[in-house]
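Numbering of the sequence shown is given in numbering that gives the first Met the number 0, commencing with residue 0 and proceeding in unit increments.
Every residue, glycine too, gets a C-beta built ideally from N, C-alpha and C.
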Amino acid sequence: MVGLYFYDPKVVQYTKQLKPSQRGELEITDLNQLYLEKGMLRVSNMGRGYAWLDTGTHQDLHDAGSFVRSIQERQGLQIACPEEIAFEAGWIDKKLLLKQAENLRGNLYGEYLFGLLSK
Numbered sequence: 000m001v002g003l004y005f006y007d008p009k010v011v012q013y014t015k016q017l018k019p020s021q022r023g024e025l026e027i028t029d030l031n032q033l034y035l036e037k038g039m040l041r042v043s044n045m046g047r048g049y050a051w052l053d054t055g056t057h058q059d060l061h062d063a064g065s066f067v068r069s070i071q072e073r074q075g076l077q078i079a080c081p082e083e084i085a086f087e088a089g090w091i092d093k094k095l096l097l098k099q100a101e102n103l104r105g106n107l108y109g110e111y112l113f114g115l116l117s118k
């Protein structure tokens, strides 16, 4: 299942209970099923604005990079900018965002952070 997973410390114990699949690998879906059976699985629909990109091959990785660059250039937004996420969530204040921007002065990412301060 496509998604972003966060597990508690019991994940190591539960993973040891899994058996390799026919491919000879432990499957994330089996781990999720185990959490579901224990009533410990919480699912959140991510909705619009999220994309999952397989990056299992060199071509996939190239395609993902092209997708990210295209979105950033056309929309003028950074994808997965931790400073922006933290600032908008109230986890950091303008002072800390400014410090981060100053540390990155002279490159496009730093300029993007300065732009967040002027909004």
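Straight-line gap, residue i to residue j (C-alpha atoms, nearest Å)
i	j	result
L60	W51	12 Å
E24	L107	41 Å
G105	Q99	12 Å
Y4	Y34	12 Å
E82	S117	15 Å
Y13	L96	39 Å
N31	Q21	18 Å
A88	I70	22 Å
G48	Y6	24 Å
V1	Y111	30 Å
G38	E72	43 Å
Among the options, the one whose alpha carbon lies nearest that of residue i
i	options	result
K18	M39, E26, V11	E26
C80	L115, D92, P8	L115
6 Å CB neighbourhood of residue i in its chain, flanking five on each side removed
i	result
V121	The requested residue 121 is not part of the displayed model; the chain covers only 0 to 118.
S65	none
T54	L60, A63
I91	A85
M45	none
Where the alpha helix (DSSP H) containing residue i begins and where it ends
i	result
G114	107-116
A85	81-88
L3	No alpha helix (DSSP H) holds L3; DSSP gives it neither H nor E.
Q99	93-102
8 Å CB neighbourhood of residue i in its chain, flanking five on each side removed
i	result
N102	G109
Cβ-based neighbour list, residue i, same chain, cut-off 7 Å, excluding 5 preceding and 5 following
i	result
D29	L17
List, from N- to C-terminal side, the alpha helix (DSSP H) runs of 4 residues or more that fit wholly inside the segment 8-59.
10-14, 27-36
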